[in-house]
Amino acid sequence: MPLVVVDHPLAQHLLTRLRDVGTPPPLFRTLAKRLTIALILEAVRALPSVEVEVQTPLETARGRTITPDLVAVPILRAGLGMLEAVTELFPEITVGYIGLERDDATLRPTSYYEKLPPMDGRHVLLLDPMLATGGSATRACTSIAAKGPAQISFVCVVAAPQGVARMEAEHPEVPVFTAALDRDLTDNGYILPGLGDFGDRLFGTEPHLGAPPNP
Ligand code: PRP
Ligand code: URA
34 MPLVVVDHPL
44 AQHLLTRLRD
54 VGTPPPLFRT
64 LAKRLTIALI
74 LEAVRALPSV
84 EVEVQTPLET
94 ARGRTITPDL
104 VAVPILRAGL
114 GMLEAVTELF
124 PEITVGYIGL
134 ERDDATLRPT
144 SYYEKLPPMD
154 GRHVLLLDPM
164 LATGGSATRA
174 CTSIAAKGPA
184 QISFVCVVAA
194 PQGVARMEAE
204 HPEVPVFTAA
214 LDRDLTDNGY
224 ILPGLGDFGD
234 RLFGTEPHLG
244 APPNP
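In this text, residue positions in the sequence shown follow the working numbering: the first is 34, and each later residue adds one.
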């Protein structure tokens, strides 16, 4: 399974500002969207494309267009922070949703919503900013794979070694694109050094602004 760490200086700049505990939700949302654009550029780099001719105001030019039908699937809720970047880059993209919530004690994801379009032969960009234990990402990949897409690419902001290993074990066919491969997980499943709870920081839902609760 290819693991691609997007080390472009702009991606790293944006990630560093996302990690900063002092970054408030409005800025966090903007940074998350910008970083997602950088990640998606890498995720679509290897997609098949065909040569086309286009008429410029002066003459014909050769160019390329990306051929596969794309589907974006954000894992709710934090994946929503990555969706707008993708729909702006690919306005025709189809969007499906997978709602998963990790149990604080078991760290296992529970499914609360799923609405997926036909996937047959299409290329899926699966969006979730945090790959921690890998429970959520692998579960989502399993649901999507059952619908027969040509390819799934998983795009995240930060990955933990444990999550990467689990993806490798359960979905070796899915490449992972991330801005960082972090060091470890806390006992309660938060990525170290990480950036805290992405969903809480994105939506401003917790007074601790994403700092994980004590185990
Ligand atoms: C977070 C995150 C991932 C998941 C990662 O979601 O957005 O979906 O945890 O953890 P894992 O790799 O151990 O499964 P959470 O369950 O906190 O829900 P939220 O997006 O609604 O905040
Ligand atoms: N989910 C998050 O939002 N952050 C983590 O560090 C791990 C899971």
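All C-beta atoms in this analysis are idealised placements derived from N, C-alpha and C, irrespective of residue type, glycine included.
* Asked: What residue range is occupied by the uninterrupted alpha helix (DSSP H) comprising Thr171?
  -> One-based indexing of the sequence shown puts residue 171 at position 138. Element bounds for Thr171: Gly168 to Ala178.
* Meets three-Cβ-pair contact criterion under 8 Å: the segment 198 to 216 and the segment 86 to 96 -> Verdict: no, contact absent.
* **Other residues of its chain near Leu133: CB distance less than 8 Å, five sequence neighbours each side excluded** => Position 100 of the sequence shown, counted from the start, is the residue given in the question as residue 133. Ile108, Leu109, Pro142, Thr143, Ser144, Tyr145, Ser169, Arg172 and Ala173, listed in sequence order.
* For chain D, is any of its Cβ atoms less than 9 Å away from the one on Asp230? -> The structure shown contains no chain D; it holds only a single protein chain.
* **Given Glu147 as reference, the closest of Pro81, His156, Lys180 and Ile126 once Cα atoms are compared** => As a working mapping, residue 147 is identified with position 114 in the sequence shown. The residue with the shortest Cα to Cα distance from Glu147 is Lys180.
* Whole-Å CB distance - Leu159 paired with Ile185, under 8 Å assumed -> Within the sequence shown, residue 159 is the residue found at index 126, counting from 1. Within the sequence shown, residue 185 is the residue found at index 152, counting from 1. Between Leu159 and Ile185 the beta-carbon gap is near 6 Å, inside 8 Å, which marks them as a contact.
* To do: Out of Pro35, Leu68 and His41, point me to the one whose CA is closest to Arg50's CA.
  => Here residue 50 refers to the residue found at position 17 of the sequence shown. Checked all of Pro35, Leu68 and His41; the closest Cα to Arg50 is Leu68.
* To do: Would you mind reading off the limits of the beta strand (DSSP E) that contains Leu103?
  => Position 70 of the sequence shown, counted from the first residue, corresponds to residue 103. Boundaries of the beta strand (DSSP E) harbouring Leu103: Leu103 to Leu109, taken from the DSSP string.
* Could you tell me if the beta carbon of Ile126 falls within a distance shorter than 8 Å of some heavy atom in ligand 2? => For this step, residue 126 is matched to residue 93 along the sequence shown. Result no, Cβ not under 8 Å from ligand 2.
* **Through-space distance from Leu218 to Leu242, alpha-carbon basis** => Looking up residue 242 in the sequence shown gives position 209. Looking up residue 218 in the sequence shown gives position 185. At Leu242, the pLDDT of 48 sits below 50, so the modelled position is not reliable and the matter cannot be decided from this model.
* To do: Identify which residue in Ala178, Met163 and Leu140 has its Cα closest to the Cα of Gly154.
  => Looking up residue 154 in the sequence shown gives position 121. It is Ala178 whose Cα lies nearest to the Cα of Gly154.
* Asked: By a C-beta neighbour count over all protein chains shown, 10 Å radius and 16 as the cutoff for buried, is Arg216 buried or exposed?
  -> Within the sequence shown, the letter at position 183 stands for residue 216. The residue in question, Arg216, is exposed, as its Cβ has fewer than 16 Cβ neighbours within 10 Å.
* What is the rounded straight-line gap between the Cα of Ser82 and the Cα of Pro101? -> Position 49 of the sequence shown, counted from the first residue, corresponds to residue 82. Position 68 of the sequence shown, counted from the first residue, corresponds to residue 101. Going from the Cα of Ser82 to the Cα of Pro101 covers about 8 Å.
* Asked: Just reading off the beta strand (DSSP E) that Pro142 is part of, what are its end residues?
  -> Residue numbering aside, residue 142 sits at position 109 when the sequence shown is read from its first letter. Taken as a continuous stretch (DSSP letters only), the beta strand (DSSP E) holding Pro142 covers Pro142 to Lys148.
* **Rounded separation between Ala76 and Ala118 - CA only** => Within the sequence shown, numbered from 1, the residue matching residue 76 stands at position 43. Within the sequence shown, numbered from 1, the residue matching residue 118 stands at position 85. About 13 Å.
* Just tell me which of Gly237, Asp230 and Asn221 has its CA closest to the CA of Asp161. => For the purposes of this step, residue 161 is identified with residue 128 of the sequence shown, where counting begins at 1. The shortest C-alpha separation from Asp161 is found at Asp230.
* **Where Phe231 sits in the DSSP three-state scheme** => For the purposes of this step, residue 231 is taken as the residue at position 198 of the sequence shown. In the structure shown, Phe231 sits in a helix (DSSP, three-state: H, G or I).
* Within the same chain, show all residues whose beta-carbon is closer than 6 Å to that of His46, passing over the 5 residues directly before and after it, in chain order. => Here the question's residue 46 lines up with position 13 in the sequence shown. No residues qualify anywhere along the chain.
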